[in-house]
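Single-structure report; data block below.
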Amino acid sequence: MSNNPSPPNGPGRPKDLAKRQAILDAAKRLFLSLGYASTSMDAVATEAGVSKLTVYSHFNDKETLFSSAVIAKCEEQVPPLFFEWADGVPIEHVLLNIARGFNQLINSDESVNLHRLMLALGSQDPKLSSIFYEAGPQRMLSGMERLLVKVNQSGALSIDKPRNAAEHFFCLIKGAANFRLLYGCDGPQDAEAAEAHVQEVVGLFMRAYRP
């Protein structure tokens, strides 16, 4: 008899992770194409090619699935690792990585369409707006705030209000270009313009908080 322990039964094995990803991908497509209210767990299961039971085994309800889909989209472009600051790495490099990832995130087709959906649904369903905010913007701000607390403690930058500074950073990255994109007044930035924008914002941020 083998002494090796049996594989876990819960989510975590490669097959389970693949199904979870398929469910999240299906959910993102359906939430954006059908809207939140018209997207059922049955429809997500069918779209993902799994059973309804499998969907519920990974996500307890539609609210959890929506929240998880938003988190997954954010972490595709700005993984939690981006908010870590390794010894010897200039803080400007860390900020540039976050800025590039966030800029790509907010200007992606999925993100733009999701924000338009939330603008349409927010007044009708405040609870859904709260779920979206906590899963997306709130998590991003919290990660940035924790990083800036460490930056201030190190003396690399002087930031007495890390939460405010985190909000300023992301608002500067969004800028007028993202506003025009959301309202259909302009197309997405090309790679050169996007990099110039990110470099300019990080430069402004560094100068604003330099000791």
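Note that full-length UniProt numbering numbers the sequence shown so that position 40 is 40, with each residue one more than the last. Built from N, CA and C at the ideal position, the CB exists for glycine as well.
- Within the same chain, Cβ atoms closer than 7 Å to the Cβ of Glu47 are found at Ala26, Arg29, Leu30, the five residues on either side in sequence being excluded.
- Boundaries of the alpha helix (DSSP H) around Ile106: 91-106.
- Taking all protein chains shown into account, Cys185 has fewer than 16 neighbouring C-beta atoms within 10 Å of its C-beta and is therefore exposed.
- By the Cβ neighbour-count rule, Lys127 is exposed, with fewer than 16 other Cβ atoms within 10 Å of its own.
- The Cβ atoms of Leu182 and Arg116 sit closer than 8 Å to each other.
- Residues Met144, Phe205 of the same chain have their beta carbon placed closer than 7 Å to that of Phe169, with the five preceding and five following residues left out of the count.
- Spatial neighbours of Leu141 in its own chain (CB-CB distance under 6 Å, excluding positions within 5 residues in sequence) are listed in chain order as Ala166.
- By alpha-carbon distance to Trp85, the top candidate from Gln21, Ala208, Leu121, Leu148 is Leu148.
- The beta strand (DSSP E) runs lying completely inside the stretch 111-182 and spanning 3 residues or more number zero.
- Pairing Val202 with Glu92 gives a Cβ-Cβ distance under 8 Å.
- Boundaries of the alpha helix (DSSP H) around Gln199: 191-209.
- With at least 16 other beta carbons inside 10 angstroms of its own, Pro162 counts as buried.
- Contact between the stretch 103-123 and the stretch 189-198 is established, with three or more Cβ pairs separated by less than 8 Å.
- Our two residues, Pro79 and Gly155, have alpha carbons roughly 25 Å apart in a direct line.
- A Cβ-Cβ separation of about 6 Å places Met118 in contact with Ser129 under the 8 Å criterion.
- In terms of Cα proximity to Leu157, the closest of Glu200, Cys171, Phe102, Leu95 is Leu95.
- For Leu81, there is no enclosing alpha helix (DSSP H), as DSSP marks it with neither H nor E.
- Fully contained in the UniProt domain "HTH tetR-type" (17-77) are the following alpha helix (DSSP H) runs of length 4 or more, in chain order: 41-48, 52-58, 62-77.
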